[in-house]
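Below is one structure; the comments refer to it alone.
2 protein chains.
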Amino acid sequence: MAHQLIADQFLPIFSNPHLERMDDSAVLEMKGCRLAFTSDSYVVDPPFFPGGDIGRLAVCGTVNDLSMSGAKPLYLSLSLIIEEGFPLQELRTIIRSVQGAAREAEVLIVTGDTKVVEKGGADKIFLNTAGIGILQDKHISISGNNAQVGDQLILSGSIGDHGIAVISQREGFSLGGNIESDMAPLNRLVQDMLQASRKIHVLRDPTRGGLATTLNEIAAQSQVGIMVEESKIPVREPVQGACELLGLDPLYLANEGKLVAIVKREAASIILQAMKRNPLGKGAEIIGEVVEDPKGMVFLKTKIGGTRVVDMLIGEPLPRIC
Amino acid sequence: MAHQLIADQFLPIFSNPHLERMDDSAVLEMKGCRLAFTSDSYVVDPPFFPGGDIGRLAVCGTVNDLSMSGAKPLYLSLSLIIEEGFPLQELRTIIRSVQGAAREAEVLIVTGDTKVVEKGGADKIFLNTAGIGILQDKHISISGNNAQVGDQLILSGSIGDHGIAVISQREGFSLGGNIESDMAPLNRLVQDMLQASRKIHVLRDPTRGGLATTLNEIAAQSQVGIMVEESKIPVREPVQGACELLGLDPLYLANEGKLVAIVKREAASIILQAMKRNPLGKGAEIIGEVVEDPKGMVFLKTKIGGTRVVDMLIGEPLPRIC
Chain A
1 MAHQLIADQF LPIFSNPHLE RMDDSAVLEM KGCRLAFTSD SYVVDPPFFP GGDIGRLAVC
61 GTVNDLSMSG AKPLYLSLSL IIEEGFPLQE LRTIIRSVQG AAREAEVLIV TGDTKVVEKG
121 GADKIFLNTA GIGILQDKHI SISGNNAQVG DQLILSGSIG DHGIAVISQR EGFSLGGNIE
181 SDMAPLNRLV QDMLQASRKI HVLRDPTRGG LATTLNEIAA QSQVGIMVEE SKIPVREPVQ
241 GACELLGLDP LYLANEGKLV AIVKREAASI ILQAMKRNPL GKGAEIIGEV VEDPKGMVFL
301 KTKIGGTRVV DMLIGEPLPR IC
Chain B
1001 MAHQLIADQF LPIFSNPHLE RMDDSAVLEM KGCRLAFTSD SYVVDPPFFP GGDIGRLAVC
1061 GTVNDLSMSG AKPLYLSLSL IIEEGFPLQE LRTIIRSVQG AAREAEVLIV TGDTKVVEKG
1121 GADKIFLNTA GIGILQDKHI SISGNNAQVG DQLILSGSIG DHGIAVISQR EGFSLGGNIE
1181 SDMAPLNRLV QDMLQASRKI HVLRDPTRGG LATTLNEIAA QSQVGIMVEE SKIPVREPVQ
1241 GACELLGLDP LYLANEGKLV AIVKREAASI ILQAMKRNPL GKGAEIIGEV VEDPKGMVFL
1301 KTKIGGTRVV DMLIGEPLPR IC
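Chains A and B are the protein sequences, given in the same order.
Residues 1 to 322 (my numbering) make up the first sequence, in order.
Residues 1001 to 1322 (my numbering) make up the second sequence, in order.
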């Protein structure tokens, strides 16, 4: 719905080449600097969940959006909308999480804003983080538009953990196994990959709508087909179990510490090796490739040998997941 | 309350020189560029009021925060949090206001985000705009820390219009006279002032908490006293009337198209003339000066010849004004 809203209502009004790229960050040329700029609001419900809270999520989300353009994230803003009566102790915990994640990602919180609204005017707490990063090299050109036929798809690790962690906390059921959000800042993983090879065409973090939505967006932006092998997609056993129990498909679940890279075929193996040396990429796998047709579509080779179309997410099975 | 929250809870945790300046924008050095960076959330209730809407407010507010560092605003992000069921027609109007104000201020909306929360999860619509501007000159150093004894205070026009426009709409009373929000992008006014003289020490737009709060912040940051002549502060007659009716003090009402400049005494007249040539500064007046003592305090010479302390705003008489 949000996707449709943006495409139908906003893009025609704002029409400019930065927005039309529809990437997670805008890349801006300013007096010889190349900057990446992004902003996201976080409304996750509940604000505390296994593996962390909305504060860590907001920093990781924005650091990752900047990283997906190949930029090195440097500076973040932090804006809070707080419902009157929100416990001060919880606010302090969230602020400490923001600072902890910022330190981990080596970014500074340099500006911000706080609004308090009356009880019932907002649900607990919303955060917004905007971020600025720098593209250190003129030759980096990473965008959802750049996928080319023959390119390999690399996924940095298992999917679905964030989605299941939030939904289990929200609904109050314990899912046995230890399922925690995978939230993590991916900037160093991306720098390691870029050091291994510049032949990275697309980077995306499959957050809201999951891997399926991200791949559909790339296929549409680049006007290519994408073929994925189901057996290559890592899903941890407790996440798979929870999905079966709840009738959810891990392909559509949000992740907050994973990325998909689409890279030139001959560079795939060296990039994969670089990823596996980073703790956040040790579960990386080549999961598929870019094909010529049918353009704009994603196909899954299933474990039982069939092939099925993986659609864009219709509706929203898990609202307020980030 | 928000001020106290920031000072007590956030600054000690994030401790870095950018935040500790407590200006409206952070000024960042990046590979030879000097950038200004800011972010604000807007929760004004109601989102439509005389003179415009939350969309125009969000653009003007962020353009103005950038301008108050002396920067030329260039790029904005736009993030929306929308309550489920918010009328699509109103959303479209807000988006068009955003684009209209962006065009007027000559900035581009380059990135953004949309979150929809369930009915009751947020009150109608909240916006966040972050912005990037460029400081075109190494010699610009404008900060709330820079007020110096003997400096003159210039106010760009009449105060209180935004506050009264929003409160009258919210409470549903008609106040006779035509009171509209003064929202406007002040970037060109600031550029005109800088062209007239570089001897500008402080720039601030007196938004939430009004002129009184802004002057108190500057007095505290610069460790100086500020003396203001009440008779020199322009208040439009219908705003004055509404204030008397409602028991409000215009000194504490929000403005969204006004600025206070603290400038070197010998440059005050040339800067004032430059301001008066711009439509947004035609009501500008020299309203007071910076004095040595008592440090951190603001005094008002009243119309009847007395002197009174102008305190920081305690509590919030008008919540959700921006």
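Here a beta-carbon is modelled for each residue, glycine too, at the ideal position from N, C-alpha and C.
Rounded to whole angstroms, what's the CA-CA distance from residue 244/A to residue 260/A? Just pull it up for me. As a working note, residue 244/A is residue 244 in the first sequence. As a working note, residue 260/A is residue 260 in the first sequence. Roughly 24 Å between the two C-alpha positions.
Out of 17/A, 183/A, 141/A, point me to the one whose CA is closest to residue 62/A's CA. One-based indexing of the first sequence puts residue 62/A at position 62. Among 17/A, 183/A, 141/A, the Cα nearest to that of residue 62/A is on 183/A.
Check the Cβ of residue 1325/B against every Cβ in chain A and list those closer than 7 Å, keeping chain order. The displayed coordinates of chain B run from 1001 to 1322. Any statement about residue 1325/B would go beyond what the structure contains.
Is the segment 265-276 of chain A close to the segment 217-237 of chain A, with three or more CB pairs under 8 Å? no
Kindly indicate which residue of 1180/B, 1254/B, 1302/B has the alpha-carbon position closest to the one of residue 1052/B. Locating residue 1052/B in the second sequence gives position 52, counting from the first residue. Nearest of 1180/B, 1254/B, 1302/B to residue 1052/B, Cα basis: 1180/B.
Between residue 92/A and chain B, is the shortest Cβ-Cβ distance under 9 Å, so that the two count as touching? For the purposes of this step, residue 92/A is taken as residue 92 along the first sequence, with counting starting at 1. Yes, residue 92/A counts as interfacial toward chain B.
Can you list the residues of chain B that residue 201/A reaches, using a CB-CB cut of under 8 Å? Counting from 1 along the first sequence, the entry for residue 201/A is found at position 201. Residues of chain B passing the Cβ test: none, with the nearest at roughly 20 Å.
Taking the alpha carbon of residue 127/A as the point to measure from, which residue in 199/A, 311/A, 80/A has its own alpha carbon closest? The count along the first sequence starts at 1 and reaches residue 127/A at position 127. For the set 199/A, 311/A, 80/A, the Cα lying nearest the Cα of residue 127/A is the one of 80/A.
Using the beta-carbon count (16 or more within 10 Å), is residue 1173/B buried or exposed? Translated into positions along the second sequence, residue 1173/B becomes position 173. So residue 1173/B counts as exposed.
Separation of residue 1163/B from residue 1249/B, as counted between CA atoms: The residue given as residue 1249/B occupies position 249 in the second sequence. The residue given as residue 1163/B occupies position 163 in the second sequence. Near 11 Å, if we compare the C-alpha coordinates of residue 1163/B and residue 1249/B.
Please report the straight-line C-alpha distance between residue 278/A and residue 197/A, rounded to a whole angstrom. Counted from its first residue, the first sequence places residue 278/A at position 278. Counted from its first residue, the first sequence places residue 197/A at position 197. Taking the Cα positions, residue 278/A is about 15 Å away from residue 197/A.
When you compare the segment 25-36 of chain A with the segment 56-75 of chain A, are there three or more beta-carbon pairs, one atom per stretch, that lie closer than 8 Å? yes
Measure from the C-beta of residue 342/A to each C-beta in chain B and report whether the shortest distance is under 9 Å. There is simply no residue 342/A to check, as chain A begins at 1 and stops at 322 in what is shown.
How would you write the range of the beta strand (DSSP E) that residue 1033/B sits in, first residue to last? For the purposes of this step, residue 1033/B is taken as residue 33 along the second sequence, with counting starting at 1. It spans 1033-1042 - the beta strand (DSSP E) in which residue 1033/B sits, taken as one unbroken run.
Apart from the five residues on each side of it in sequence, which residues of its chain come closer than 6 Å, Cβ to Cβ, to residue 232/A? Residue numbering aside, residue 232/A sits at position 232 when the first sequence is read from its first letter. Contacts found: 285, 287.
Any beta strand (DSSP E) of 3 or more consecutive residues that is wholly inside the segment 1262-1320 of chain B: 1285-1291, 1298-1301, 1307-1309
Use the C-beta contact count for residue 84/A: other C-beta atoms within 10 angstroms, 16 or more gives buried, fewer gives exposed. Here residue 84/A corresponds to residue number 84 of the first sequence, with the count starting at 1. Exposed.
Is the beta carbon of residue 255/A closer than 9 Å to that of residue 50/A? As a position in the first sequence, residue 50/A is number 50, starting the count at 1. As a position in the first sequence, residue 255/A is number 255, starting the count at 1. No. Outside cutoff.
From what residue to what residue does the alpha helix (DSSP H) around residue 1167/B run? By 1-based counting over the second sequence, the position of residue 1167/B is 167. Counting along the chain, the alpha helix (DSSP H) containing residue 1167/B begins and ends at 1161-1171.
For residue 133/A, list the residues DSSP reports as bridge partners. Locating residue 133/A in the first sequence gives position 133, counting from the first residue. Under DSSP, residue 133/A takes part in a beta bridge, and its partners are 36/A, 73/A.
Straight-line Cα distance separating residue 1222/B from residue 1302/B: Numbered from its first residue, the second sequence carries residue 1302/B at position 302. Numbered from its first residue, the second sequence carries residue 1222/B at position 222. Rounded to whole angstroms, residue 1302/B to residue 1222/B spans 24 Å at the Cα level.
Distance between residue 1043/B and residue 114/A (C-alpha atoms, nearest Å): Translated into positions along the first sequence, residue 114/A becomes position 114. Translated into positions along the second sequence, residue 1043/B becomes position 43. Cα to Cα, residue 114/A sits roughly 11 Å from residue 1043/B.
Could one say the Cβ of residue 252/A lies closer than 9 Å to chain B's Cβ atoms, at least one of them? Counting from one through the first sequence, the residue named residue 252/A turns up at place 252. So, not an interface residue.
If I'm right that residue 1322/B touches residue 1213/B with Cβ under 8 Å, what's the distance once you round it to whole angstroms? Locating residue 1322/B in the second sequence gives position 322, where the first residue counts as 1. Locating residue 1213/B in the second sequence gives position 213, where the first residue counts as 1. Not quite, the Cβ-Cβ distance comes to about 13 Å (not below 8 Å), so this is no contact.
Only counting the same chain, and skipping five residues up and downstream in sequence, which positions put a Cβ closer than 8 Å to that of residue 18/A? As a first step, residue 18/A is located in the first sequence; it is residue number 18 there, counting from the start. Same-chain partners within the cutoff: 26, 27, 28.
Taking the CB atoms as reference points, tell me whether residue 74/A and residue 112/A lie closer together than 9 Å. Here residue 74/A corresponds to residue number 74 of the first sequence, with the count starting at 1. Here residue 112/A corresponds to residue number 112 of the first sequence, with the count starting at 1. Against a cut-off of 9 Å, the Cβ pair of residue 112/A and residue 74/A comes out as no contact.
Take the Cβ of residue 1313/B as the centre, count every other Cβ of all protein chains shown within 10 Å, and call the residue buried at 16 or more, exposed below. For the purposes of this step, residue 1313/B is taken as residue 313 along the second sequence, with counting starting at 1. With 16 or more Cβ atoms within 10 Å of its Cβ, residue 1313/B is classed as buried.
Considering only C-alpha positions, which residue in the set 122/A, 117/A, 118/A is nearest to residue 1119/B? Taking the second sequence and counting its residues from 1, one reaches residue 1119/B at position 119. Selected option, being the one with the closest Cα: 122/A.
Output needed for residue 93/A: all residues of its chain with C-beta closer than 6 Å, excluding positions within five of it in sequence on either side, in chain order. On the first sequence, residue 93/A is found 93 positions in, with the first residue counted as 1. Nothing listed; no residue qualifies.
Along chain B, in chain order, which residues have C-beta atoms closer than 9 Å to that of residue 96/A? Residue mapping note: residue 96/A aligns to position 96 of the first sequence, counting from 1. Residues of chain B passing the Cβ test: 1013.
According to DSSP, which residues form a beta bridge with residue 1122/B? Position 122 of the second sequence, counted from the first residue, corresponds to residue 1122/B. 122/A, per the DSSP bridge assignment.
Please state whether DSSP places residue 111/A in a helix, a strand or coil. As a position in the first sequence, residue 111/A is number 111, starting the count at 1. Strand.
What are the start and end residues of the alpha helix (DSSP H) that includes residue 1054/B? Within the second sequence, residue 1054/B is the residue found at index 54, counting from 1. Residues 1054-1067.
Would residue 141/A and residue 189/A be called neighbours here (beta carbons separated by less than 9 Å)? As a first step, residue 141/A must be located in the first sequence, where it is residue number 141. As a first step, residue 189/A must be located in the first sequence, where it is residue number 189. Contact flag unset, no.
Below 8 Å on the Cβ atoms is my guess for residue 1147/B versus residue 1218/B; work out the distance and round it to an integer in Å. Within the second sequence, numbered from 1, the residue matching residue 1147/B stands at position 147. Within the second sequence, numbered from 1, the residue matching residue 1218/B stands at position 218. Right, the Cβ-Cβ distance comes to about 6 Å (below 8 Å), so this counts as a contact.
Between which two residues does the alpha helix (DSSP H) harbouring residue 1154/B extend? As a working mapping, residue 1154/B is identified with position 154 in the second sequence. Here residue 1154/B belongs to no alpha helix (DSSP H); instead the beta strand (DSSP E) covers 1152-1155.
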